[in-house]
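Heads up: the structure comes next, in structure tokens.
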Amino acid sequence: MTIPVDPQATEHPHPSEREPLPRRDPRLEQQARNRLHPQHLSALQALGRGAAAPQERWMGPKGVMRRNPHVGHFIAANGRKRIDRSGRSGPAAVGAGQPAVVAKARVLPLVEIASPAFLIAVVPDMTGGRLSSHDRDVLGLARQIADADPAHQGAVLAVTFGTLREEGDAADSVGLGAAGADRWLHFADILHDGYAPLAQLAELEAIDGKLTPRLWLLPESRTGGGERGRRLGARLLCQGDALARPSGNAYQLDGELAAIGRGELAEVNVTGRSGNGQQDLTRALTRIVLCEAECAEPVEDVRHAALPLEWEPASAARAVPDVIEDLGPVAVDPSAIALGEAEFILSAGNGIRDWDGFHRAASLLGATEGASRVAVDDGFMPRARQVGATGTWVTARVYVAVGISGAIQHLQGIQRCDKVVTINTDGGCDMVKRADLSVIGDAGAILASLCQQLEAERSAGGDGPSVGQAPAALATSSSTSSSTSSATLAADAA
Amino acid sequence: MKADRSSVAQQASTPLEVVSLVSLGQHPVSGRLRRAEQDARALELCLALERQSAPGAVSLSAWHASGSEIITGSEQDQALRGYLGMGLEALTLVTPNTLEAVDSQAAAIDQPVIDVWPLLVARLKQVAPQLVVCGGQGETGEGSGLLPHLLAESLGWPLVEGIVAIESCDGEQLIALQALPRGQRRRLRVKLPALVSVDSAAPAARQSAFGQARRGELAAVASGELAHDVLAEAFSVAPARKRPKRLKRIKATSARDRFKAAAAKAEGGGGKRLEGVSAEEGAAEILKLLREEGVLR
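Below, the structure is given as structure tokens:
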């Protein structure tokens, strides 16, 4: 006889003892969803969602930030709700009306390489005492090579000459560290500000002998880099170092970059332009590479130490015979300089009425003349002087636009100008928005006043503050020969 | 100083020996051989020097170094005659003592590259000119621009690059203008003997006259030993590929930043704006900025 056991009795309690099934109330949910329903709030409370303030933003299932437009809004001037996308009034700043979070100057993480396995030497041009974008690209390439093998970490040595512009912070005054240099050798001798190729060659040769960098990377440029590299290459080649033959116009390295650190240069191929730029020439890597612009991405997001190296200037550099002597810059006729490469342009537009006054101002300022399309079409200026997308894309450091409102084609043409000054009667024009300094007023009167002030200064002070870079003595002494140079330049520009 | 003869004057007894080194050029579009652009400019500079000095004061010769024979009527011959057409009586072909056999089939297969700088060094040592003028970079072959540097290094002469005008040249020194970027010029004094290289900033070469080119003579001179450039023979050459443009890298984290970066207009970033000021004040402010930038001379 067995006691009857009902297995279900233990597993499934009586329906009256069970927990109630979760029942959804569609009507209540609908009321909670519908903000306009009269019972909306009570429905929310009944569902247990009323107390918490609705979320403004949350991470969606696909990693996209979702926003509740009913919460993060403000009432705009026209009385309509607007979503604030500027981030100015986040959850922290709602209602407080406080300004946007001020972007702090980003402190880049510092990378220090204490004992590098090898050195990659870079000689940036430092045109005008600053790193150019070409220099940064070359330093970026050096960085790629030095960092190719983390187990065999290399360091980048930057070698600079002459006076540099110091504008960064104290730790990295010329920005070489942020551009990727670990070591820094600077020759501040005043000699190097001019043309001293032989003294610089002696220094580079001494560095090559003492520090034996794996690779020399130089920018292939007309501002010194290409010439330095070829001089060094020829010197080392004549001393019997066949690997020193420079790889010119190089823009690409193929192969395992880590091999360079191990000294196996032949493992890597370098490609560069040859034959007047019509051919690509690929060869095994040599010790001196002259790199074209955009050969690599510049260094970003980290800062290297750029430690100054202790260095005894090569005695050979002091003993260089003065076979090449720099007699200084020559005053050139600004109107003979091609518009595309002029440094300082005074440009005229439709707002000019007094053309004689404009030409006089240009000659007094020593500026190259430019013009907008309208001024050229109206026959006031030659076509060759037109600035803009349909004319010349200028690269001036300072561009003064007189009576130009700033058509988009014109603004494209001056994209690469550093400082733009405008004189215009219309304060709302696009040129004023682009300009670093805009004077709203009559162009003729302002130009006349400009000429007057310049003349007054020059007649009063002789060589007052108005005399800039070119020494007055040189300009006068070269007056006999500048006619030749301007004649040459005119042919050049034509 | 167009014709300041006194500064260039040279005693007629010892004329200034000037050598212009010329090479074969190649037209960038058609690919035909022609006189090289920069070398022609270099020769133009020499001709200008000859013209501005007293008659007989400058003795100018043009040299072309070649490892193989130049056959009359060939494309090379026509190209070199382009230099003769600029007003030369003769062009010297500097060749090795033993000429490379001209075998077009073999040449097409392994393309021997002859090192010309030892030939030129030997010849320059022999002739000992005071001034050598050449283009900065060749148009055919490697075009590395290394040749003037190698010559200067082996001869121990100074080399200056990017010369646009020779202002004066006596037997001792040379005063010349060097081209700098942005149309600027620098004056240099160089002790002779010296090498001068010329780039595309120099005055353009004159047209080549056909009759003169036909009449001129190509005279071969043997100098130095034939040497192959083994390294250059290992180069692989291909038609130039177009280089990719660098893309603008946008490191925006939000859609708004991305949109701003894509739609960004060139902006000066909130410049200074002077409204309702007198013309004098406005002009003074402009002058102040120009002075800060250092463009006012």
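Respectively, the protein sequence lines represent chains H and D. Here my numbering is used: position 273 in the first sequence is 273, and no number is missing along the way. Here my numbering runs 1000 ahead of the position in the second sequence, where the first position is 1. Even glycine gets a Cβ: it sits at the ideal position worked out from N, Cα and C.
Chain-order list of chain H residues neighbouring glutamine 1026 of chain D: Gly275, Asn276, Gln278, by C-beta distance under 9 Å. Chain D places a beta carbon closer than 8 Å to that of aspartate 442 of chain H, counting this residue as a contact.
With a cut-off of 8 Å on Cβ pairs, the segment 1112 to 1126 of chain D is not in contact with the segment 1180 to 1190 of chain D, counting fewer than three such pairs. Note that the C-beta distance between valine 394 of chain H and glycine 413 of chain H is below 8 Å. In this structure, the beta-carbon distance from arginine 130 of chain H to arginine 183 of chain H does not fall below 8 Å. Counted as a single uninterrupted DSSP element, the alpha helix (DSSP H) harbouring proline 197 of chain H occupies residues 197 to 211. Per DSSP, the continuous beta strand (DSSP E) segment holding arginine 1035 of chain D begins and ends at 1033 to 1035.
In this model, proline 1203 of chain D and glycine 1162 of chain D are separated by some 11 Å (Cα to Cα). With a 10 Å radius around the Cβ and a threshold of 16 neighbouring Cβ atoms, methionine 65 of chain H comes out exposed. Beta-bridge partners of methionine 59 of chain H (DSSP): H:Met65. DSSP places leucine 281 of chain H within a strand segment (E or B) once states are collapsed to three. Boundaries of the alpha helix (DSSP H) around cysteine 238 of chain H: 225 to 238. For valine 289 of chain H, the enclosing beta strand (DSSP E) starts and ends at 288 to 291. Taking all protein chains in view, the Cβ of alanine 234 of chain H is crowded by 16 or more other Cβ atoms within 10 Å, so the residue is classified as buried. Going by DSSP, glutamate 1069 of chain D is part of no alpha helix (DSSP H) at all; its letter is neither H nor E. Along the segment 161 to 178 of chain H, there is no position whose C-beta sits under 9 Å from a C-beta of chain D. For threonine 1140 of chain D, the C-beta contacts it makes with chain H under 7 Å involve Gly275, in order along the chain. By the rule that beta-carbons nearer than 8 Å mark a contact, alanine 342 of chain H touches chain D.
Across the structure, leucine 253 of chain H and cysteine 451 of chain H are spaced so that their CA atoms are roughly 54 Å apart. D:Gly1082 is the residue among D:Ala1279, D:Ala1255, D:Ala1090, D:Gly1082 whose C-alpha sits nearest the C-alpha of serine 1208 of chain D.
The C-beta of histidine 1149 of chain D comes closer than 8 Å to at least one C-beta of chain H. Remark: C-beta atoms of valine 1094 of chain D and leucine 1119 of chain D approach each other more closely than 8 Å.
Counting every other CB atom within 10 Å of its CB across the protein chains shown gives histidine 152 of chain H a total below 16, marking it as exposed.
Taken through DSSP and simplified to helix, strand or coil, cysteine 1169 of chain D comes out as strand. Residues of chain D whose Cβ lies closer than 8 Å to the Cβ of glutamate 325 of chain H are, in chain order, Leu1188, Arg1189, Val1190. By the neighbour-count criterion, in which a residue is buried when 16 or more other Cβ atoms sit within 10 angstroms of its Cβ, lysine 81 of chain H is exposed.
A contact between stretches requires three or more CB pairs, one per stretch, nearer than 8 Å, and the segment 427 to 443 of chain H fails this requirement with the segment 377 to 394 of chain H. Taking 8 Å as the upper bound for CB-CB distance, lysine 419 of chain H and leucine 1274 of chain D are not in contact here, some 15 Å apart. Residue-level contact check: tyrosine 399 of chain H does not touch chain D, since none of the beta carbons of chain D fall below 8 Å from its beta carbon.
For arginine 383 of chain H, there is no enclosing beta strand (DSSP E), as DSSP marks it with neither H nor E. The segment 290 to 305 of chain H and the segment 349 to 359 of chain H do not touch, with fewer than three beta-carbon pairs separated by less than 8 Å. Straight across, the Cα-Cα distance linking alanine 456 of chain H with leucine 364 of chain H is about 12 Å.
Per DSSP, the beta bridge partners of glutamate 1217 of chain D are D:Ala1090. Beta-bridge analysis with DSSP links phenylalanine 187 of chain H to H:Phe161. Against chain D, the beta carbon of glutamate 227 of chain H has neighbours under 7 Å at Glu1161, listed in chain order. Cβ-Cβ distances below 7 Å link proline 26 of chain H to nothing in the same chain once the five nearest sequence neighbours on each side are left out.
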